[in-house]
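What follows is a short report on a single structure.
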Amino acid sequence: MKLLIVEDQAKTGHYLRQGLSEAGFATELAADGETGLHLALTGDHALLILDVMLPGRDGWQILQAVRQAGLETPVLFLTARDAVEDRVHGLELGADDYLVKPFAFSELLARVRSLLRRGASPSLDTTLTLADLRLDLIRRRAERAGQRIDLTAKEFALLELLLRRQGEVLPKSLIASQVWDMNFDSDTNVIEVAIRRLRLKIDDAHRNKLIHTVRGMGYVLEERQD
Amino acid sequence: MRRLSLGSRLALLFAACTAAVSLTAGLLFSHASKHHFVELDQQLLGARLSQLRSQLAGVDSADKLAARLPALRGELSHQADLALRIRGAEGELWFQSRPGLPEDAVQPGLATLRADSVDYRSLSVPLDEHAEHAAQLTLFLDITHHQHFLQGMQRLIWLTVGLSALATALLGAWAARRGLRPLRQIGEVAASVSAHSLTTRLPVAQMPEELAQLASTVNAMLQRLDDAFQRLSAFSADIAHELRTPLSNLLTHTQVTLTRPRSLEEYREALHGNLEELQWMAQLVNDMLYLAKADHGLLMPNRQPLELAAEVDALLDYYAALAEESDVQLLREGAATIEGDRHMLRRALSNLLDNALRFTPQGGTIKVSLTAGLSITVANTGPAIEAGALQRLFDRFYRADPARREGSSEHAGLGLAITRSIVQAHGGGIRAECEGGWTRFVINLPG
Numbered sequence: 009m010k011l012l013i014v015e016d017q018a019k020t021g022h023y024l025r026q027g028l029s030e031a032g033f034a035t036e037l038a039a040d041g042e043t044g045l046h047l048a049l050t051g052d053h054a055l056l057i058l059d060v061m062l063p064g065r066d067g068w069q070i071l072q073a074v075r076q077a078g079l080e081t082p083v084l085f086l087t088a089r090d091a092v093e094d095r096v097h098g099l100e101l102g103a104d105d106y107l108v109k110p111f112a113f114s115e116l117l118a119r120v121r122s123l124l125r126r127g128a129s130p131s132l133d134t135t136l137t138l139a140d141l142r143l144d145l146i147r148r149r150a151e152r153a154g155q156r157i158d159l160t161a162k163e164f165a166l167l168e169l170l171l172r173r174q175g176e177v178l179p180k181s182l183i184a185s186q187v188w189d190m191n192f193d194s195d196t197n198v199i200e201v202a203i204r205r206l207r208l209k210i211d212d213a214h215r216n217k218l219i220h221t222v223r224g225m226g227y228v229l230e231e232r233q234d
Numbered sequence: 015m016r017r018l019s020l021g022s023r024l025a026l027l028f029a030a031c032t033a034a035v036s037l038t039a040g041l042l043f044s045h046a047s048k049h050h051f052v053e054l055d056q057q058l059l060g061a062r063l064s065q066l067r068s069q070l071a072g073v074d075s076a077d078k079l080a081a082r083l084p085a086l087r088g089e090l091s092h093q094a095d096l097a098l099r100i101r102g103a104e105g106e107l108w109f110q111s112r113p114g115l116p117e118d119a120v121q122p123g124l125a126t127l128r129a130d131s132v133d134y135r136s137l138s139v140p141l142d143e144h145a146e147h148a149a150q151l152t153l154f155l156d157i158t159h160h161q162h163f164l165q166g167m168q169r170l171i172w173l174t175v176g177l178s179a180l181a182t183a184l185l186g187a188w189a190a191r192r193g194l195r196p197l198r199q200i201g202e203v204a205a206s207v208s209a210h211s212l213t214t215r216l217p218v219a220q221m222p223e224e225l226a227q228l229a230s231t232v233n234a235m236l237q238r239l240d241d242a243f244q245r246l247s248a249f250s251a252d253i254a255h256e257l258r259t260p261l262s263n264l265l266t267h268t269q270v271t272l273t274r275p276r277s278l279e280e281y282r283e284a285l286h287g288n289l290e291e292l293q294w295m296a297q298l299v300n301d302m303l304y305l306a307k308a309d310h311g312l313l314m315p316n317r318q319p320l321e322l323a324a325e326v327d328a329l330l331d332y333y334a335a336l337a338e339e340s341d342v343q344l345l346r347e348g349a350a351t352i353e354g355d356r357h358m359l360r361r362a363l364s365n366l367l368d369n370a371l372r373f374t375p376q377g378g379t380i381k382v383s384l385t386a387g388l389s390i391t392v393a394n395t396g397p398a399i400e401a402g403a404l405q406r407l408f409d410r411f412y413r414a415d416p417a418r419r420e421g422s423s424e425h426a427g428l429g430l431a432i433t434r435s436i437v438q439a440h441g442g443g444i445r446a447e448c449e450g451g452w453t454r455f456v457i458n459l460p461g
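As you go down the protein sequences, you meet chains A and B in turn. According to this note's numbering, the residues represented by the first sequence are 9 to 234, in order. According to this note's numbering, the residues represented by the second sequence are 15 to 461, in order.
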């Protein structure tokens with residue numbers, strides 16, 4: 009599972025590489041378009057992260073060459089420009105996602121994981137579990153330590169998302185987008201309130217807390233040893 | 015090819031008009047004079063002929079005429095410009111007072127003839143009115159002086175036409191130049207406009223009626239440019255100001271943290287503090303870029319048919335928990351459909367709801383009303399906002415409560431400006447009003 013990052017800004021490239029490596033991905037970094045294209049065509053990558061503005065060949069040209077070579081590797085674009093035509097152009101050429109700078113690393117990580125998961129066959133699980141938490145997707149029931157928990161439809165959707173992506177830090181924007189279909193940055197604390205209410209039902213009565221806040225990044229559902 | 019100047023065009027038109035008028039007048043006058051001369055000649059010839067006829071009464075052959083010739087010659091000698099020819103009933107020449115006269119006219123009566131470059135008017139009558147075949151008297155009047163007069167007059171007419179056309183062309187050019195001075199004035203003002211002098215205005219009161227509208231249009235344009243420019247300047251200043259606080263926090267905080275060794279926990283705290291500032295700044299920059307895109311007309315709604323009731327319900331569902339926490343009731347009434355961009359409209363309404371939630375006191379109500387016509391009203395109970403502030407709510411970085419401005423990490427004051435941009439990108443308008451304990455934001459959209 010190797011990722012290729014093509015980014016000419018040394019600092020940005022370094023930080024991205026460090027962040028993705030620490031998140032458990034093997035990464036390669038190219039600082040210009042030519043090297044990037046060469047690596048993309050010769051190496052076996054699970055995902056390409058391309059800056060649009062690059063010396064040599066720009067991100068679009070790399071994407072074009074990669075698609076012409078018959079590679080279906082998913083491509084995530086990073087750009088400092090947010091013009092509609094850029095976005096359309098990128099998507100027409102076969103880009104899979106698009107992030108505009110400034111973006112939060114947690115957002116990038118969540119998108120990377122979504123793209124990597126896209127290829128995999130959808131999970132056929134009818135129940136999701138973590139520790140003593142069980143979510144029955146067919147009967148729409150949640151249980152903790154054998155005890156039934158009443159959840160609203162949105163709380164159920166939120167818990168399902170957290171369980172499906174357990175161990176991943178989910179930024180608030182991703183939660184808003186996946187659970188409520190609100191696809192814009194907003195500075196409300198709607199998600200905080202929703203998480204607080206879910207915690208009240210899932211975690212409060214138990215010593216072993218499952219929902220954790222990662223300050224400044226988002227929320228994660230995982231079992232932690234004290 | 016360069017088009018003729020307005021002044022030259024007007025001058026030429028003036029000249030052409032004057033020439034046409036004076037030419038017509040001249041031709042009419044000339045024609046009338048000619049006609050007048052013909053009448054005069056006819057009278058003269060008629061009078062002389064009847065005199066001659068009575069003098070020659072009883073003459074029915076050349077011999078009888080011969081007897082009367084001396085008296086006739088005496089009679090004719092008094093008038094040098096008159097000449098007489100008498101022909102017998104068969105057309106044979108009986109008498110001719112002088113040689114070189116033109117042939118008789120084909121038709122009897124008055125005729126204008128020419129011989130040896132002398133013009134004559136001739137009138138023919140029978141000598142005896144009552145006889146079947148009578149001798150024919152033809153009297154010739156030399157009209158050369160008339161013709162000279164008429165020719166002179168025609169020359170005069172052409173001269174008048176030419177001179178008056180020239181004079182009006184020159185006068186017209188001068189008049190047009192004077193008349194077009196306000197236009198030049200507009201040009202001068204337009205040329206003097208720059209980013210630093212957008213306050214220049216045209217004196218509409220001094221403009222002629224035809225140009226007053228143009229002048230006030232230009233003034234209105236200058237006013238709009240001035241407003242937009244002022245807003246833009248203020249916007250840049252605001253951006254700098256808004257970024258200054260978090261930047262200075264970051265600088266201070268980072269430097270203070272680095273001044274001496276600290277525990278791991280303290281470093282982590284410092285980074286978290288910085289992260290909050292940075293996220294706030296990133297949000298601010300993204301919002302500003304969004305607004306900049308709107309300003310450049312690049313906010314293009316991806317239109318699709320939408321049930322607004324469903325969209326509003328989804329938003330109320332999104333905010334339900336938050337509203338419940340602060341004991342605020344969320345309501346929706348009415349329904350409407352629209353061709354609009356789902357994400358953009360959700361964002362616009364979300365900002366309004368977010369704003370309403372901030373200002374609705376505990377136990378209050380937020381009501382979203384939809385009318386098919388088409389309007390969306392987001393109303394909330396709460397303290398009245400003064401009229402001056404209502405106007406400014408949609409301004410960037412404006413906050414009704416100045417105390418919230420500094421150090422508020424959560425709200426940059428761009429939400430309502432973004433809402434307005436989105437509404438405008440959909441061809442609609444938004445206004446805020448305050449009445450009877452309710453604050454209302456009313457969006458009107460083309461249906």
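Backbone N, C-alpha and C define an ideal beta-carbon position, used for all residues, glycine too.
Positions of the beta strand (DSSP E) runs, each at least 3 residues long and wholly inside the segment 97 to 179 of chain A, are given as 105 to 108, 135 to 138, 141 to 144, 149 to 152 and 155 to 157 in order along the chain. Look at ARG205 of chain A: its C-beta is under 9 Å from a C-beta on chain B. Our two residues, ALA48 of chain A and GLY27 of chain A, have alpha carbons roughly 20 Å apart in a direct line. DSSP, read as helix, strand or coil, puts ASN369 of chain B in helix. Within the segment 159 to 190 of chain A, LYS162, ALA184, TRP188, ASP189 and MET190 place their CB atoms closer than 8 Å to a CB of chain B, listed in sequence order.
Using a Cβ-Cβ cut-off of 9 Å, HIS286 of chain B counts as an interface residue toward chain A, since at least one Cβ of chain A sits closer than that to its own. Rounded to the nearest whole angstrom, the CA to CA distance from ALA323 of chain B to LEU143 of chain A is 32 Å. Taking ASN288 of chain B as the centre and dropping the five residues before and after it, the same chain places the C-beta of LEU264, HIS267 and THR268 closer than 8 Å to its C-beta, in chain order. In this structure the segment 358 to 367 of chain B does not touch the segment 395 to 413 of chain B; the number of beta carbon pairs closer than 8 Å is below three. In this chain, the beta strand (DSSP E) harbouring GLY226 of chain A covers 226 to 229. Residues of the same chain with a CB within less than 7 Å of the CB of TYR412 of chain B, apart from the 5 flanking positions on each side, are ARG406 and GLY427 in chain order. The Cβ-Cβ distance between GLU447 of chain B and VAL437 of chain B does not fall below 9 Å. Identification of chain A residues near ASN300 of chain B by a Cβ-Cβ cut-off of 8 Å yields VAL108, PRO110 and ASP193, ordered along the chain.
Assignment of ASN233 of chain B by DSSP, reduced to helix, strand and coil, places it in the helix class. Residue environment analysis places PRO375 of chain B among the exposed positions, since fewer than 16 neighbouring C-beta atoms fall within 10 angstroms of its C-beta. The contact set of ASP368 of chain B on chain A, defined by CB atoms closer than 9 Å, consists of SER194, ASP195, THR196 and VAL198 in chain order. Listed along the chain, the chain B residues whose CB falls inside 8 Å of the CB of GLY224 of chain A are HIS286, LEU289, GLU290 and GLN293.
The Cβ of GLU202 of chain B sits no closer than 9 Å to any Cβ of chain A. For THR43 of chain A, the enclosing alpha helix (DSSP H) stretches over residues 41 to 50.
Of the candidates A:ARG215, A:VAL14 and A:PRO179, the residue whose Cα lies closest to the Cα of GLY67 of chain A is A:VAL14. A Cβ-Cβ contact shorter than 9 Å links LEU96 of chain B with LEU153 of chain B.
Within the same chain, Cβ atoms closer than 6 Å to the Cβ of ILE444 of chain B are found at ARG434, VAL437 and ILE457, the five residues on either side in sequence being excluded. Per DSSP, the beta-bridge partners of HIS220 of chain A are A:VAL228.
A buried status is given to ASN300 of chain B, since no fewer than 16 other beta-carbon atoms sit within 10 Å of its beta-carbon. Boundaries of the beta strand (DSSP E) around ILE13 of chain A: 10 to 14. Non-local beta-carbon contacts of GLN293 of chain B in its own chain, meaning distances under 7 Å to residues more than five positions away in sequence, are absent.
Residue nearest to SER181 of chain A within the set A:ASN216, A:ASP211, A:MET225 and A:ILE157 is A:MET225 (criterion: CA-CA distance).
Within the segment 338 to 371 of chain B, contact with chain A at the beta-carbon level (separation under 7 Å) is assigned to GLU339, HIS357, ARG360, ARG361, SER364 and ASP368.
Scanning chain A for C-beta atoms nearer than 7 Å to the C-beta of TYR412 of chain B yields nothing, as the closest lies near 16 Å away.
Rounded to whole angstroms, the gap between the alpha carbons of LEU218 of chain A and GLN69 of chain A is 45 Å. By the Cβ-count criterion, ALA34 of chain B is exposed, with fewer than 16 other Cβ atoms from all chains shown falling within 10 Å of its own Cβ. Assigned with DSSP and collapsed to three states, ARG17 of chain B falls in coil, not helix or strand. The beta carbon of ALA153 of chain A does not come within 9 Å of any beta carbon belonging to chain B, so the residue lies off that interface. With at least 16 other beta carbons inside 10 angstroms of its own, MET302 of chain B counts as buried.
Close CB contacts of GLY154 of chain A within its chain, under the 8 Å cut and outside five residues either way in sequence, are with ASP140 (chain order).
Taking a cut-off of 8 Å on C-beta distances, the segment 157 to 171 of chain B touches the segment 121 to 134 of chain B, as three or more cross pairs fall below it.
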